[in-house]
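Numbering (UniProt numbering), first residue to last: 1 to 149.
A virtual CB, placed ideally from N, CA and C, is assigned to each residue, including glycine.
All values derive from a computational prediction rather than experimental measurement.
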């Protein structure tokens with residue numbers, strides 16, 4: 001079973017964004033978007049992690065409590081209600097739908113970790129997300145220019 005770590009960043013927020021997916025202490029997916037938000041890049045990182053696993057069993061560790069809640073708590077109800085919520089439109093709906101479908105069809109366990117709390121792999125993933133935002137790749141891993149729309 002693979003254990004992945006994901007993180008996304010935008011600076012300023014909104015602004016240029018980047019994400020990273022780490023496995024065994026090394027980046028396996030890096031991406032960036034010219035105009036993004038932290039939330040979108042966190043979601044893009046989870047999408048890339050699930051695509052990297054490609055049906056394999058795995059864990060995805062993320063400091064995005066928002067996306068963990070979207071996938072495990074909120075999206076099932078939104079889907080039942082025709083992708084609507086009582087308080088207004090769902091932001092980033094295309095990404096929500098795509099990510100929820102990937103999650104629903106996966107063998108992935110999501111694990112939320114507190115961000116910026118000294119957890120070594122979370123800090124490393126944050127570092128690589130920031131490097132990706134600045135279009136800095138890693139050995140054998142280029143930064144993909146992505147769109148989350």
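According to DSSP, simplified to helix, strand and coil, what is residue i?
i: residue 16; result: strand
i: residue 36; result: strand
Between which two residues does the beta strand (DSSP E) harbouring residue i extend?
i: residue 143; result: 143-145
By how many angstroms is the C-alpha of residue j removed from the C-alpha of residue i?
i: residue 28; j: residue 22; result: 6 Å
i: residue 106; j: residue 134; result: 31 Å
i: residue 124; j: residue 97; result: 28 Å
i: residue 7; j: residue 81; result: 30 Å
i: residue 44; j: residue 142; result: 16 Å
i: residue 84; j: residue 72; result: 16 Å
i: residue 99; j: residue 70; result: 9 Å
i: residue 11; j: residue 32; result: 12 Å
i: residue 24; j: residue 121; result: 9 Å
i: residue 147; j: residue 34; result: 9 Å
i: residue 38; j: residue 79; result: 24 Å
Going by C-alpha distance, which of the options is nearest residue i?
i: residue 103; options: 91, 53, 12, 17; result: 53
i: residue 1; options: 46, 58, 24; result: 58
i: residue 3; options: 139, 49, 31, 12; result: 49
i: residue 95; options: 131, 9, 40; result: 40
i: residue 111; options: 88, 68, 138, 87; result: 68
Segments of 3+ residues assigned as beta strand (DSSP E) that fall wholly inside the UniProt domain "RNase H type-1" (1-134): Counting only runs of 3 or more, we get 2-10, 15-23, 26-36, 57-62, 107-112.
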